[in-house]
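Engineer: For what it's worth, full-length UniProt numbering labels the leading residue of the sequence shown as 1, then goes sequentially.
Heads up, the beta-carbon is just placed ideally off N, CA and C, and yes, glycines get one too.
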Amino acid sequence: MKTRFSTLDIMCVVNEIQKYKGMRLQRVYDIDHKTYLFKFQLNSEKCVLLLESGVRLHVTNYEWTKNEAPSSFSMKLRKHLSNKRLEKLTQMGFDRIIDLQFGVGEAAYHVILELYDKGNIILADKDYIMINILRPHTEDEKQKFFVKEVYPNSRPKNRLNPPTEDSLIQILKTAKLSTNLKKFIFSNFPNCLDYGNSLLEHMLISGGFSTNTKIGVEFNIDTDIHKLMNCFLIAEKFLDNITTLKEGFIIQKIDRQLLPDGTMKELCINQEYHPFLFAQHRNLPSKTYESFNEAVDEFYSNLESQKYDVKCMQQEKGAVKKLQNIVKDHEERLKKLQDAQDEHKFKAELITHNLDLVDNTIKFVRQAVAKQLHWDEIWDMIRQLNFEDGGCTYAIVNNLKLDVNHITLQLFDPYKEENQNENNSKLIDIDLGQSAFGNAQRYYGSKKQSAIKEQKTIDSSSTVLKMAEKKTKQTLKDMQVVASINKVRKTYWFEKFYWFISSENYLVIAGRDAHQNEVIVKRYMKPSDIYVHAGFSGATTVIIKNPTNQIVPPATLNEAAVMAISYSVSWSMKINIQNAFWVKPEQVSKTAPTGEYLTSGSFMIRGKKNYLPATHLILGLSFLFKLEDSSISRHANERKVKGIEYEGINNIAENNDEFENIPSENESDEDLEKNIELQDKEKNDDSDNVNDDDKNLEIKTNNKHSEKEENDEEKESRSYDETSKNVIDVMRIPNCNDTAECVEKSDPVSSDSDDDNDDELNEVNDLDKKNETVKPLILKRGQRGKLKKIKEKYKDQDEDEREMRIKLLHVINIKNHKYT
């Protein structure tokens, strides 16, 4: 497995990282004592450069676990390199040394990364005087790598020229017979060290040689020298064009293992990474990436998880094998018990069929023992008896075990012919202390005990196997939990703000502080967007991003208003119902009427403010999932524009209570008188002009806050119904199916003809004219105190109870009107 960069890899990765020049270094982190992360940023573009001493250098897209406390080397790098631009990134000579220059002129610093031997990272100033060094050491008496020493510029080597044909012949003649051509070239030609093993093998295969070519056998110096020279030309041409390579490759090895349960499991193991698919790798499994940097990042980021996968496979194999061993052990145990039963039964039957022979033999041996004869004499008598009798009167004695009072008899089944069954005889131990019948009974007892053991084993085997299977599953489950290196998700520009996606697929953003409010308006607000604000100091700035020039639907406006009110002091003060307004971007200005420049995050609104219905302090939490490209078509139009039947719009009138449409305290008395005159005038006006909507809204407010002026329940009930209808008419806007196209929706009671559509378009175009007269109503003298008392009275009332009381009062008013 490849473990570190070669010269070719360095040439490719340095060429690819050139596009990050000019980015500013924000922070330096350390993963371990030899691996460091350099975080760069330029405007909204970010990148993280990973440096590992002696191993690699590449841009990473993965989230690496950093040390909790930075090391002293990291702090030194931060001190000298923070906020400096990456001005230059070069390979020193043709060696595995990379020079990263930060800053210019007198403020220039160099980070020198060595990717050979034990590796090193050196921080040096503009004159290459070492400020800090990761691994201080001395190579020889002249080259010392310590702080305040000058980094030797003569250390990096240059690219060597290929050998000539004459020098090649002379060196090849010194080779021994049957020497491997590849190994001999690699060890005798210095420029082959620059090629590396992969390029050397590639040039030989491309030139017509195999990797196992032997000098003097497959290779003839006189006839094949020109082919070998062509191989060197292939390698030199490859080095000249290496900067044009754009792709990266990971060479893999498929490890197939047959698990004990009979299933075949395959595991792809990454072996090498290369900027080019060499000839020797074309028939091997590989993965292609858009760049070599991406291939290297994928290789090293998955290295630990790959090792873990191999370990898991071995543990899985062991766990399954252990389970099968338990099953096999139980099967073997049952088989032994069954065989023991059969054997004991067979012995008992043989004794029963030869009772007389066994009894005679037992008596003969007992008499011999009683005479106190020597065992050898007894054995001689038995041999003579076996020879003379031939099994007619006595059984054949095979062995004497007088120390345990046993003898071994060879018994035959008299009811079976000898040729009928080869297993017609059996050697049986006979106890001299018992009769033939007693020995038969002993074997029948042994057979019964084996049967009892077999049944117990069968009864306990199911429990044991279940426990073993449970333990195996738990072992496999535990192996699935692993702390791995996760890929960093690409963050979007709006994620640094408060944001959400509306139910109609509009992006709504809000500032977290005054600085972000300033940034949102100046940098991200476009002419087609909508500016929403809560209407009082300290509230956040909310922007509805409108990628098209279509009218923003009312449901999205209402949701943005909820956000504007919730991210304000209303949340902490528990002021449940407030009114937000929206304006167009051209109405937002940074300059006050007096010419004074406002503070950061503050803006002046010029012209008409379009006030939205009162909203509740309700926020929710949602999860967003990024779909694959193949799944996008199945989720089209899921977040389309809501129609008038949308529940949130139909219940606008019901959600309004005595705290809605509270005006600003900064309104003058002159504006108060104008609003009162306007209210009196609109009460007597029965025309269908655009002020009808404002009249109904004002009648509704007056009915809620001034019951002494309106005592007629019939007029109050009629004004309530008209208000609900007119609020919906005001909010009626063409509906959008998605953010890309807008399809106008006709009125529910109208036809689908072109004339009706034209009328509805005219109604939409007159919306701005209607909204020009919509102003926050001014409370009369004494009403603020009344509202204060009401708020104190109902401060412990929750939303459900308040809504229930409002509906109950409305029903009572209607019934009283009916009875009168």
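1. When you compare only the Cα positions, how much space is there between Asn-610 and Tyr-531?
2. Are at least three pairs of beta-carbons, each pair with one atom in the region 429 to 438 and one in the region 352 to 359, less than 8 Å apart?
3. Grab me the residues of Met-203's own chain with a C-beta within less than 6 Å of its C-beta, minus the 5 sequence neighbours each way, in chain order.
4. Measuring only the C-alpha atoms, how far is Gly-511 from Tyr-273?
5. Given a threshold of 16 other Cβ atoms within 10 Å of its Cβ, counted over all protein chains shown, does Val-150 qualify as buried or as exposed?
6. Roughly how many whole angstroms lie between the Cα atoms of Lys-456 and Gln-338?
7. Is it right to say Met-1 is buried, meaning 16 or more other beta carbons lie within 10 angstroms of its own, or is it exposed?
8. Based on the DSSP secondary-structure assignment, which residues constitute the bridge partners of Ile-97?
9. What whole-angstrom Cβ distance do Val-641 and Glu-803 have, given they're in contact under 8 Å?
10. Where do the N-terminal and C-terminal ends of the alpha helix (DSSP H) with Glu-201 fall, by residue?
11. Jot down the residue ranges of each uninterrupted alpha helix (DSSP H) in the region 368 to 449, minimum 4 residues, whole runs only, in chain order.
12. Taking just the CA atoms, how far does Lys-39 sit from Gln-18?
13. Between Thr-244 and Val-14, what straight-line distance do the alpha-carbon atoms span, to the nearest angstrom?
14. Which class does Gln-797 belong to by DSSP, given the choice of helix, strand or coil?
15. How many Å lie between Leu-193 and Leu-621 at the Cα?
16. Rank Lys-574, Thr-213, Asp-529, Leu-808 by C-alpha distance to the C-alpha of Gln-550 and give the top, closest one.
17. Which of helix, strand or coil does DSSP assign to Ala-614?
18. If distances are taken between C-alpha atoms only, which option among Ala-580, Leu-86, Ile-382 comes closest to Gly-22?
19. Go ahead and pull the three-state DSSP assignment for Ser-600.
20. Distance check for Arg-606 and Val-48, CA to CA, integer angstroms please.
21. Can you tell me whether Met-130 is buried or exposed? The criterion is at least 16 other CB atoms within 10 Å of its CB, across all chains shown.
22. With distance defined between alpha-carbon atoms, name the residue in Thr-463, Val-464, Gly-54, Leu-134 nearest to Ser-72.
23. When the Cα atoms are used, what is the spatial distance from residue 828 to Ser-572?
24. When the Cα of Lys-626 is compared with those of Ala-514, Gln-314, Tyr-492, Thr-594, which residue comes out closest?
25. Provide the residue span of the beta strand (DSSP E) that contains Tyr-273, from first to last.
26. DSSP has Ala-124 in a bridge; who is on the other side?
27. What ranges does the alpha helix (DSSP H) occupy inside the UniProt domain "NFACT RNA-binding" (496 to 607), keeping only unbroken runs of at least 4 residues that lie completely in it?
28. Just curious, the beta strand (DSSP E) that Arg-24 is in, first and last residue?
29. Just the C-alpha distance for Lys-401 and Arg-442, rounded to the nearest angstrom, thanks.
30. In chain order, what residues of the same chain have a beta carbon less than 7 Å from the beta carbon of Ala-295, not counting five sequence neighbours either side?
31. I'd like to know if the region 514 to 521 and the region 560 to 577 are in contact, where contact means that at least 3 CB-CB pairs between them fall below 8 Å.
32. Check Asp-140 in the structure and name its three-state DSSP category.
33. Using the Cβ count rule (16 or more neighbours within 10 Å means buried), how would you classify Lys-807?
34. From Ala-348 to Asn-399, what distance separates their C-alpha atoms?
35. Tell me which same chain residues have a C-beta within less than 8 Å of the C-beta of Glu-454, skipping the five on either side of it?
36. Can we say the region 553 to 562 touches the region 494 to 504, given the rule of at least three CB pairs closer than 8 Å?
Structural biologist: Taking the structure as given:
1. Taking the sequence shown and counting its residues from 1, one reaches residue 610 at position 610. Taking the sequence shown and counting its residues from 1, one reaches residue 531 at position 531. Each residue's alpha carbon lies about 10 Å from the other.
2. yes
3. Numbered from its first residue, the sequence shown carries residue 203 at position 203. These residues qualify, in order along the chain: Cys-231, Ile-234, Ala-235.
4. Translated into positions along the sequence shown, residue 511 becomes position 511. Translated into positions along the sequence shown, residue 273 becomes position 273. Gly-511 and Tyr-273: Cα-Cα distance of roughly 45 Å.
5. Here residue 150 corresponds to residue number 150 of the sequence shown, with the count starting at 1. Exposed, because fewer than 16 other Cβ atoms sit within 10 Å of the Cβ of Val-150.
6. In the sequence shown, the residue the question calls residue 456 occupies position 456. In the sequence shown, the residue the question calls residue 338 occupies position 338. Distance between the alpha carbons of Lys-456 and Gln-338 is about 13 Å.
7. Residue mapping note: residue 1 aligns to position 1 of the sequence shown, counting from 1. The residue is exposed, with fewer than 16 neighbouring Cβ atoms inside 10 Å.
8. Position 97 of the sequence shown, counted from the first residue, corresponds to residue 97. Answer is Glu-114, bridged to Ile-97.
9. For this step, residue 641 is matched to residue 641 along the sequence shown. For this step, residue 803 is matched to residue 803 along the sequence shown. No, Val-641 and Glu-803 are not in contact; Cβ-Cβ is about 27 Å, not under 8 Å.
10. For the purposes of this step, residue 201 is taken as residue 201 along the sequence shown, with counting starting at 1. Unbroken alpha helix (DSSP H) run through Glu-201: 191 to 206.
11. 375 to 389
12. Taking the sequence shown and counting its residues from 1, one reaches residue 18 at position 18. Taking the sequence shown and counting its residues from 1, one reaches residue 39 at position 39. About 15 Å.
13. If you number the sequence shown from 1, residue 244 lands on position 244. If you number the sequence shown from 1, residue 14 lands on position 14. Approximately 12 Å between the Cα atoms of the pair.
14. Position 797 of the sequence shown, counted from the first residue, corresponds to residue 797. It is coil, neither helix nor strand.
15. Against the sequence shown, residue 193 aligns to sequence position 193. Against the sequence shown, residue 621 aligns to sequence position 621. Their Cα atoms are separated by approximately 60 Å.
16. Within the sequence shown, residue 550 is the residue found at index 550, counting from 1. That would be Asp-529, whose Cα lies nearest to the Cα of Gln-550.
17. Stepping through the sequence shown from its first residue, residue 614 is reached at position 614. Of the three classes helix, strand and coil, the one that applies to Ala-614 here is coil, per DSSP.
18. By 1-based counting over the sequence shown, the position of residue 22 is 22. For the residues Ala-580, Leu-86, Ile-382, the minimum Cα distance to Gly-22 belongs to Leu-86.
19. Position 600 of the sequence shown, counted from the first residue, corresponds to residue 600. Here Ser-600 sits in coil by DSSP.
20. The residue given as residue 48 occupies position 48 in the sequence shown. The residue given as residue 606 occupies position 606 in the sequence shown. Approximately 45 Å, taken between the alpha carbons.
21. Counting from one through the sequence shown, the residue named residue 130 turns up at place 130. Buried: at least 16 other Cβ atoms inside 10 Å.
22. Along the sequence shown, read from residue 1 onward, the residue named residue 72 stands at position 72. Checking every option, the nearest Cα to that of Ser-72 belongs to Leu-134.
23. Because the chain in this structure spans residues 1 to 820, residue 828 falls outside the shown range and cannot be described.
24. Here residue 626 corresponds to residue number 626 of the sequence shown, with the count starting at 1. The option with the nearest alpha carbon to Lys-626 is Tyr-492.
25. Reading the sequence shown from its first residue, position 273 is the one you call residue 273. 264 to 274 is the span of the beta strand (DSSP E), which, as asked, contains Tyr-273.
26. Mapped onto the sequence shown, residue 124 falls at position 124. His-110, Met-130, per the DSSP bridge assignment.
27. 514 to 519, 554 to 566, 569 to 573
28. In the sequence shown, the residue the question calls residue 24 occupies position 24. Per DSSP, Arg-24 belongs to the beta strand (DSSP E) from 24 to 32.
29. Within the sequence shown, residue 401 is the residue found at index 401, counting from 1. Within the sequence shown, residue 442 is the residue found at index 442, counting from 1. If I take the Cα positions, the gap works out to 18 Å.
30. Within the sequence shown, the letter at position 295 stands for residue 295. Gly-248, Phe-249, Ile-250, Tyr-273, Tyr-289.
31. no
32. As a first step, residue 140 must be located in the sequence shown, where it is residue number 140. The answer is coil: DSSP assigns Asp-140 none of H, G, I, E or B.
33. The count along the sequence shown starts at 1 and reaches residue 807 at position 807. With fewer than 16 Cβ atoms within 10 Å of its Cβ, Lys-807 is classed as exposed.
34. Stepping through the sequence shown from its first residue, residue 348 is reached at position 348. Stepping through the sequence shown from its first residue, residue 399 is reached at position 399. Rounded to the nearest angstrom, the two C-alpha atoms are 19 Å apart.
35. As a first step, residue 454 is located in the sequence shown; it is residue number 454 there, counting from the start. Counting only Cβ-Cβ distances below 8 Å, and skipping sequence neighbours, we find Leu-334, Leu-337, Gln-338, Gln-341.
36. yes
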